[in-house]
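Below: one structure, written as structure tokens.
Number of protein chains: 4
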Amino acid sequence: MKDIKVGVIGCGYWGPNLIRNFSDNYNTDIKFACDLSRDKLERIKLRHPSINVTTDYKSLLKDKDIHAVAVATPVFTHYKLVKEALESGKHVLVEKPFTSTAREAETLVNLAYKKGLTLLVDHTFIYTGSIRRIKDFISAGELGDVYYFDSVRVNLGLFQHDVNVIWDLAPHDLSIMDFIIEEKPVSVVATGASHTPRGLEDVAYVTVKFRDNIIAHFHVNWMSPVKIRKVIIGGSKKMVVFDDLDPAEKIKIYDKGITLSKANEKSVYQSMVQYRIGDMYAPAITNIEALKVEIEHFADCIKNKKKPITDGESGLRVVRILEAASKSLKKGGVKVNI
Amino acid sequence: MKDIKVGVIGCGYWGPNLIRNFSDNYNTDIKFACDLSRDKLERIKLRHPSINVTTDYKSLLKDKDIHAVAVATPVFTHYKLVKEALESGKHVLVEKPFTSTAREAETLVNLAYKKGLTLLVDHTFIYTGSIRRIKDFISAGELGDVYYFDSVRVNLGLFQHDVNVIWDLAPHDLSIMDFIIEEKPVSVVATGASHTPRGLEDVAYVTVKFRDNIIAHFHVNWMSPVKIRKVIIGGSKKMVVFDDLDPAEKIKIYDKGITLSKANEKSVYQSMVQYRIGDMYAPAITNIEALKVEIEHFADCIKNKKKPITDGESGLRVVRILEAASKSLKKGGVKVNI
Amino acid sequence: MKDIKVGVIGCGYWGPNLIRNFSDNYNTDIKFACDLSRDKLERIKLRHPSINVTTDYKSLLKDKDIHAVAVATPVFTHYKLVKEALESGKHVLVEKPFTSTAREAETLVNLAYKKGLTLLVDHTFIYTGSIRRIKDFISAGELGDVYYFDSVRVNLGLFQHDVNVIWDLAPHDLSIMDFIIEEKPVSVVATGASHTPRGLEDVAYVTVKFRDNIIAHFHVNWMSPVKIRKVIIGGSKKMVVFDDLDPAEKIKIYDKGITLSKANEKSVYQSMVQYRIGDMYAPAITNIEALKVEIEHFADCIKNKKKPITDGESGLRVVRILEAASKSLKKGGVKVNI
Amino acid sequence: MKDIKVGVIGCGYWGPNLIRNFSDNYNTDIKFACDLSRDKLERIKLRHPSINVTTDYKSLLKDKDIHAVAVATPVFTHYKLVKEALESGKHVLVEKPFTSTAREAETLVNLAYKKGLTLLVDHTFIYTGSIRRIKDFISAGELGDVYYFDSVRVNLGLFQHDVNVIWDLAPHDLSIMDFIIEEKPVSVVATGASHTPRGLEDVAYVTVKFRDNIIAHFHVNWMSPVKIRKVIIGGSKKMVVFDDLDPAEKIKIYDKGITLSKANEKSVYQSMVQYRIGDMYAPAITNIEALKVEIEHFADCIKNKKKPITDGESGLRVVRILEAASKSLKKGGVKVNI
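The listed protein sequences correspond, in order, to chains A, B, C and D. In our numbering, each residue carries its 1-based index in the first sequence increased by 45. In our numbering, each residue carries its 1-based index in the second sequence increased by 45. In our numbering, each residue carries its 1-based index in the third sequence increased by 45. In our numbering, each residue carries its 1-based index in the fourth sequence increased by 45.
Written out as structure tokens, the structure reads:
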């Protein structure tokens, strides 16, 4: 047991969570931590005295005992670090968003494939009880056809230095959308505005269109006085609201919608739309920490050569939309085909 | 007293409210009601036995005792009816949206001006205690610069026959935006989708951009399992949330926001953004029916030759955005300059 | 049709609702209205021109065309008015609370029985979709044994002149409890306080105990800054929350509770209580006005000599608890057996 | 610095929080931990390798380096442990409820006084930003006279083995009441019911009366499907709602209430009560962990011989009410004078 030795690069906000979970997992053992800040490394040492620490990621990658590397650094460094990790023969778990460009993501996906290594993008939400429950519900056909996917993720701060609010907040919801809607998006429209000198957008709106009139929309905002984290999914049979801030009932399934009567002569002038207002149902959701589930899955993929649920391809699909959104945003909201 | 005699054209959903309020007002007297449905007219007669009723609006317009006409019919009829009413020398109150095209609205505005008649567009929200309180607050400079205006108006139904969800629901929030933000919008981007055979969009998103990085966004949806009617206004000093469904506290004013430090050498690498999280304050709002206030204002404008707060110009400005949104929507979300 | 002619005594707050519903019902016809205030009678006349009005209830009772009388006057007048109405051979619908004393209620119940007349106490809540849904749910055994019934009904005002907050607000919830718990209460404890010179309690708490460890509790308050109208019912299998102010989901049924393991040697030191946290379910509730349903039921009882759901007996049971609560309150919270 | 050496007795649910906070505080140093369970001690060792651990509390008390002892064991052991700790010359911080009887509490208060030792009862809520803000507000006279204090603390579980739901949950709210209302309670009435074989009440209601018509009420329940933690405080000038589960606005101050007109001849028949409905205000609350503040205060009291805010007297006052509640409960809800 604990036969997968892991190194973590980046010990800022998320790194310590990765370290704790790798440490608690029965299959993985945390061996090495890397960060440019010695302060952060010392704090890691305090809680995990037996860990090796370094400010030089290359020495971590050179360590032949290390089987897997987790990369939790700023986005613009992902490509270089993941590439070198894969080239050093390490399995990789990498923070979202996967890379800064779709081209980089494609290169890494191909590299991992050639090397036969596991590459998992940390789309954490996919491993929550809530999202898995919604996925099961939709896969079972209970929602019917997906009509729309509407997401709001707003609160005050934290402003990022290197990316705008879309690259910071939307990957969460884009990864959920990517997991739930098994269609290929065809176009992206993004609008937004910046209110600080650096010019990075702090409020933005992204529309993603699919075939068959499926529409997805993402509202992200670093300047909202209230915190909202809500996804509404409309379907032809039922509708779902996922409110991540509701401590008791995160998922509500509504037996609501419309019924279309068959057209007849009369109906040309009359409404063919009838409303259906039925019960609401809030399933109990398992409360296991998503990252714990994800790291178990990572270990399982490594040991049993499985394809991760949130593999490089899923990371690539999210980056493609982010890239298209940036392009649309720059031109003031033009439609960008994918 | 009661010296302004009024005729109402259109006795569907909104007409009876107009009739009741004209009847209760001290300056106005409801004399004539018109509708194509004799059933609706009979129901009006039951509650207002002394009223004249007709299915022919021309006979109402010909009545020389009538000083003012209220038009509460489907949008596509507004232009013709308002034009004839003005030409008959009547003051006019007309439902929102004002007209189907900006050109029509311009013609009517000019006609009313030439005739010296009062033309009021029924942007009811402007006459609520909530919106007037927000306006006062912003006019007093307490919000600081407006950063964004974000509106959500979603629920299940009612599907309209002749217009899509933008023309049906967005005029409410566009008129609020028009009242609050005293800038000229410069561009519109709209996306949406339809899920019924008629092809009218049932979910849509509209972005309106102004100079100085002010952005407004409107989410309208006829297919939401939950009802949301919320506007968030972000400013440089404070922020406001208007939740029309909160029975107790419709307006919340947050002393929250960011403070920008002056740039210095160090700040190139450090965040210049600091968060300010202060108190929240929910002012008591007067509860007078908005339509009552509006009709008092209409009578006052007629008697004292005042310019209505929601005059033809404001109706025109809203229609211009609706028209631009339709154009953008048709092209899948291109940017349309106004 | 409309063969039951009705007279209404008392045209204050609730009377007009009774008149409107008797007027709309297919079996009843409103013929006569009585109030001490001529102003109120005039307002009734305006909306119902064909109605007879009087300030003398005796002339109403003398009218042989009148089959049924609704009494919507202050509590202390109920006994006299209902008695005379029954003696005049009229069926009676009377406001809650039924009477000022249990003895009065008993007399009226007996009188109605002897005369073969319908006597219905206006426990309106019993005719709402919400309470009927809860009753069905419990009758079907889905709640299991009732453990507790906890009710909160608080808001600012309206202070009453003649009764304290218990007699004003608790009858609503006591009638719901009486409908749902089919056991006989055995004791009452009430505490409260008054903060106005008149000395009528404006905040009070009432505990009603049954056999088998069933406990009910009522919190009523005229001086609360927030409005709460919530009932929680705990059972051995499931639990129900009824929130009358929730516009969308008035009833929530929780698959939550405890499971008791069989005692064994070990369990002396270990907890035998295990928690069960399952799904939540909010059934769609019909939205028909309760008073409409009640008056249909009243007409049905008269025509078909049925026993009303909220008959004099149910009114008497509620008054018995109110009387016991008053006694307990006066003595500072002693236990009063029923 | 760190010159107060501390030992903790009891390492169950709360003990580890005490240890962490004593460890983080600049004035205190955690030296010794005691528990009957070796498992729990090992877990403590893991996080605090330098700590001494023992299953024998006497060896901890004998350690002359220890200046202060924190007792976080079941209630029935408090008296014995605190007594021995004081007799060994240790300052004491003890969990709530302070003791099982008022007599025990009195003995300990006297003993601490005689020994000149600091005795602090862990009424944690008193050290939250929320409660201190409410206290400041009331002390400044802004609430006016206190009219009532209404508390609800309900959720599913955790059932305790040795005490009923009153002794488990009510001490939180009783300590808040004791802190806020600076009057002596005069009587207690308690009702409740048990639904498990052990016979410990799982739902209960406690009324505490003061002079001047001040009333306090406590609803505690281990069997509620929903979690509620709410206190409403009514005053002659304003009213406060403290909702501990609201992540954003824990305290809301309402400018609501009634105004009493001076009595005159006419007012005998007219209402003298007028309603005042003004603004609501939610002050920003500091978010510092209450236990951190409390332990700083404990250290400050020890070093500077100050009287703790939550001293033995406050613990005694809470126990007196608990004891009276138990007595009232046993007799089915009789009034017990204090």
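Where a beta carbon is used, it is the ideal one built from N, C-alpha and C, also for glycine. Because the structure is a prediction, the values reported are computed rather than measured.
So, at 7 Å on beta carbons, what are the nonlocal neighbours of residue i in its own chain, with the 5 sequence-adjacent residues on each side left out?
{"i": "Y71 (chain B)", "result": "M46, K47"}
{"i": "E294 (chain D)", "result": "A327"}
{"i": "S269 (chain C)", "result": "V199, N200, L201"}
{"i": "L214 (chain C)", "result": "R198, V265"}
{"i": "A344 (chain B)", "result": "I49, N70, N72, T73"}
{"i": "D84 (chain C)", "result": "none"}
{"i": "I322 (chain C)", "result": "K301"}
If you draw a straight line from the C-alpha of residue i to the C-alpha of residue j, how long is it?
{"i": "V197 (chain C)", "j": "H342 (chain B)", "result": "43 Å"}
{"i": "Y320 (chain B)", "j": "D289 (chain D)", "result": "24 Å"}
{"i": "E358 (chain C)", "j": "K160 (chain C)", "result": "16 Å"}
{"i": "R177 (chain A)", "j": "T169 (chain A)", "result": "11 Å"}
{"i": "I278 (chain A)", "j": "M284 (chain A)", "result": "6 Å"}
{"i": "E140 (chain A)", "j": "P61 (chain A)", "result": "13 Å"}
{"i": "I347 (chain B)", "j": "V338 (chain B)", "result": "14 Å"}
{"i": "G360 (chain D)", "j": "I96 (chain A)", "result": "46 Å"}
{"i": "T73 (chain D)", "j": "K50 (chain D)", "result": "6 Å"}
{"i": "C56 (chain D)", "j": "D108 (chain D)", "result": "18 Å"}
Please look up how many angstroms separate the CB atoms of residue i and residue j, rounded, as I've assumed it's under 8 Å.
{"i": "D324 (chain D)", "j": "A327 (chain B)", "result": "6 Å"}
{"i": "V210 (chain B)", "j": "P230 (chain B)", "result": "So it is not a contact: roughly 20 Å between Cβ atoms."}
{"i": "K275 (chain D)", "j": "V265 (chain D)", "result": "Wrong, their Cβ atoms sit about 12 Å apart, outside the cutoff."}
{"i": "K135 (chain D)", "j": "D110 (chain D)", "result": "Wrong, their Cβ atoms sit about 11 Å apart, outside the cutoff."}
Would you say residue i faces chain B, with C-beta separation under 8 Å as the test?
{"i": "A329 (chain D)", "result": "yes"}
{"i": "K380 (chain A)", "result": "yes"}
{"i": "Y71 (chain D)", "result": "no"}
{"i": "E334 (chain D)", "result": "no"}
{"i": "Y326 (chain D)", "result": "yes"}
Shorter than 8 Å from the beta carbon of residue i to some beta carbon of chain A?
{"i": "G323 (chain C)", "result": "yes"}
{"i": "P119 (chain B)", "result": "no"}
{"i": "N398 (chain B)", "result": "As displayed, chain B neither begins before 46 nor continues past 383, which places residue 398 (chain B) out of reach and without an answer."}
Here's a check: name, in chain order, each residue in its chain whose Cβ is nearer than 8 Å to the Cβ of residue i, leaving out the five neighbours to either side.
{"i": "T152 (chain C)", "result": "Y124, K128"}
{"i": "D207 (chain C)", "result": "P119, V120, F121"}
{"i": "E246 (chain A)", "result": "N209, V210, I211, G237, A238, S239, L374"}
Looking at chain C, is there any beta carbon in it that lies within less than 8 Å of the beta carbon of residue i?
{"i": "Y320 (chain A)", "result": "no"}
{"i": "E294 (chain A)", "result": "yes"}
{"i": "P242 (chain D)", "result": "yes"}
Residue i CB to nearest chain D CB: under 8 Å?
{"i": "L305 (chain C)", "result": "yes"}
{"i": "P270 (chain C)", "result": "yes"}
{"i": "F204 (chain C)", "result": "yes"}
{"i": "M222 (chain C)", "result": "no"}
{"i": "S196 (chain C)", "result": "no"}
Counting only the same chain and skipping the five closest in sequence on each side, list residues whose C-beta sits under 6 Å from that of residue i.
{"i": "L219 (chain C)", "result": "V363, I366"}
{"i": "Y43 (chain C)", "result": "As displayed, chain C neither begins before 46 nor continues past 383, which places residue 43 (chain C) out of reach and without an answer."}
{"i": "A115 (chain A)", "result": "V53, L63, L138"}
{"i": "F204 (chain C)", "result": "W267"}
{"i": "V381 (chain A)", "result": "V233, A369, K372, S373"}
{"i": "L81 (chain C)", "result": "T100"}
{"i": "S281 (chain C)", "result": "G189, D190"}
Compare the C-beta of residue i with all C-beta atoms of chain F and state if any pair is closer than 8 Å.
{"i": "N349 (chain D)", "result": "The structure shown contains no chain F; the protein chains it does contain are A, B, C and D."}
Exercise for review: Tell me, please, whether the segment 254–263 of chain C touches the segment 189–196 of chain C by the rule of three or more beta-carbon pairs shorter than 8 Å.
Suggested key: The segment 254–263 of chain C is in contact with the segment 189–196 of chain C.
Point to revise | Inter-stretch contact (C-beta, 8 Å, three-pair minimum) for the segment 231–244 of chain C and the segment 296–305 of chain C | key: As far as the Cβ criterion goes, the segment 231–244 of chain C does not touch the segment 296–305 of chain C, which means the pair count is below three.
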